[in-house]
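Undergrad: By the count of my numbering, the first sequence reaches residue 278 at its end, each step adding exactly one.
Ideal Cβ positions, reconstructed from N, Cα and C, are used throughout, including at glycine.
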Amino acid sequence: MPELPDVEGFRRILAEHATGRRIQAVTVEDPGVLRDTNPPALDGATRGRMFAHPDRRGKWLMAPLRTPGQRHRSRDPTVIFHFGMTGGLVWTGRIHDEPRHRDDRVVFCFAEGELRYRDLRKLHGIRLVQADDALAPLLSRLGPDAWTVTAEDFDQALAGLRRQLKPALMDQAVLAGLGNLLVDEILWRARLQPRRSTSDLTGADRHRLYRQMRNVLRQSIDRGRVPGYARWLTGWRDDEDAPCPRCGTPLRRSRVGGRTTVWCPHCQPE
DNA sequence: GTGAATGTTCATTC
DNA sequence: GGAATGAACATTCA
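Structure below.
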């Protein structure tokens with residue numbers, strides 16, 4: 009599920025329900041999702057503390073902790089979430105109303121309810137850093153965030169690359185936040201073939217690409233996911249022999265950059 | 001049984 | 001060194 013819009017939705021869930029509330033306990037149902045940490049360390053860092061304002065960069069969610077009654081200090085720990093392909097955050101109301109889901113791996117318990125890290129495939133998970141200065145090394149490998157990047161910095165991120173367009177846009181070190189569905193959607197709208205080289209884009213191509221990226225991200229963030237609208241490519245990508253929702257030409261699919269890729273041969277010529 | 005699934009990382013090869 | 005490819009991770013579903 010998670011691309012940038014999904015993670016932004018999880019950030020809002022955390023901000024709305026968990027921020028400012030005291031963490032009473034942490035239950036680790038499956039330690040397999042803890043990366044570079046362990047249940048006692050997570051418990052020690054979170055119990056009795058509260059989440060401060062959560063931040064997002066690409067598909068990474070950072071939830072700094074602070075001690076109730078005190079300001080955030082640089083030595084406070086931060087919980088870092090990555091949701092892989094199947095993860096998410098779920099807020100339940102009252103504990104007794106909501107039985108545990110099979111895929112609830114880590115549960116943060118509050119007086120008002122529970123914040124649950126739910127994940128089927130466990131491709132990624134939860135990290136813990138003990139101070140602010142440990143965050144930078146984790147995030148240093150990420151390019152600018154796809155939602156907040158300026159047009160100038162977007163051009164800058166692509167400058168000098170000689171790569172296929174789709175793998176370049178999905179590379180989190182180039183631009184952070186776009187995944188398989190979003191990139192197909194954006195390229196379809198910008199009328200750019202996924203295998204086109206970044207090096208032969210004109211200024212007008214890059215401008216269309218940036219505008220359509222903003223457009224797709226805005227609508228997706230509003231929905232908290234990439235919508236499957238009938239007028240979007242994404243609404244049809246799972247149908248064999250589906251027509252292009254814009255021109256009716258049968259969509260084509262193959263693998264680009266190791267990922268299933270759907271495009272319209274008429275709207276997105278070579 | 002096989003392949004694919006909205007992700008990332010590592011090794012290998014060009 | 002950069003870019004492309006394939007495998008690995010874990011799990012379910014068609």
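(1) Taking the alpha-carbon positions, what's the Arg-102 to Asp-111 distance?
(2) Count the other C-beta atoms from every protein chain shown that fall within 10 angstroms of the C-beta of Asn-46, then say buried if there are 16 or more, exposed otherwise.
(3) Given this structure, state the Cα-to-Cα distance separating Gly-40 from Gly-52, to the nearest angstrom.
(4) How many whole angstroms separate the CB atoms of Trp-99 and Gly-121, which I take to be in contact at a CB cut-off of 8 Å?
(5) Could you give the DSSP three-state label for Glu-160: helix, strand or coil?
(6) On the CB-based measure, 16 or more other CB atoms within 10 Å of its CB, does Leu-131 come out buried or exposed?
(7) To the nearest angstrom, how far is the alpha carbon of Leu-177 from that of Met-9?
(8) Whose CA, out of Thr-35, His-61, Arg-43 and Gln-32, lies closest to the CA of Ile-21?
(9) Buried or exposed: Cys-255, going by 16 or more other Cβ atoms within 10 Å of its Cβ?
(10) Inspect the CB distances between the region 256–263 and the region 219–236 and report whether three or more fall short of 8 Å.
(11) Using only alpha-carbon positions, find the residue among Cys-252, Met-221 and Gly-17 that is nearest to Thr-158.
(12) Can Arg-65 and Leu-147 be called in contact, C-beta distance under 8 Å?
(13) Is Cys-117 closer than 8 Å to Gln-32 when the C-beta atoms are compared?
(14) Residue ranges of each alpha helix (DSSP H) run of no fewer than 4 residues wholly in the region 20–53, ordered along the chain?
(15) Identify whether His-90 lies in helix, strand or coil by the three-state DSSP scheme.
(16) Who pairs with Arg-260 in a beta bridge, going by DSSP?
(17) I need the boundaries of the beta strand (DSSP E) containing Glu-11, first residue and last residue.
(18) For my contact list, Lys-67 and Glu-24 are in at a C-beta cut-off of 8 Å; report their separation, rounded to the angstrom.
(19) Inspect the CB distances between the region 271–278 and the region 192–204 and report whether three or more fall short of 8 Å.
(20) Let me confirm a value: Thr-269 is counted as buried when at least 16 other C-beta atoms fall within 10 Å, else exposed. Which label applies?
(21) So Pro-72 is in the beta strand (DSSP E); what residue range does that whole segment cover?
(22) Could you spell out the range, first to last residue, of the alpha helix (DSSP H) harbouring Asp-127?
(23) For Val-115 versus Thr-54, is the C-beta spacing smaller than 8 Å?
(24) Whole angstroms is fine: what's the gap from Ala-71's alpha carbon to Pro-251's?
(25) Where Ala-144 and Arg-126 are concerned, what is the direct C-alpha to C-alpha distance, given to the nearest angstrom?
(26) Within 10 angstroms of its Cβ, does Asp-14 collect 16 or more other Cβ (buried), or is it exposed?
TA: Looking at the atomic coordinates:
(1) 19 Å
(2) exposed
(3) 18 Å
(4) 6 Å
(5) helix
(6) exposed
(7) 18 Å
(8) His-61
(9) exposed
(10) no
(11) Met-221
(12) yes
(13) yes
(14) none
(15) strand
(16) Trp-271
(17) No beta strand (DSSP E) holds Glu-11; DSSP gives it neither H nor E.
(18) Wrong, their Cβ atoms sit about 20 Å apart, outside the cutoff.
(19) yes
(20) buried
(21) 68–74
(22) That residue, Asp-127, is in no alpha helix (DSSP H); its beta strand (DSSP E) goes 121–127.
(23) no
(24) 42 Å
(25) 26 Å
(26) buried
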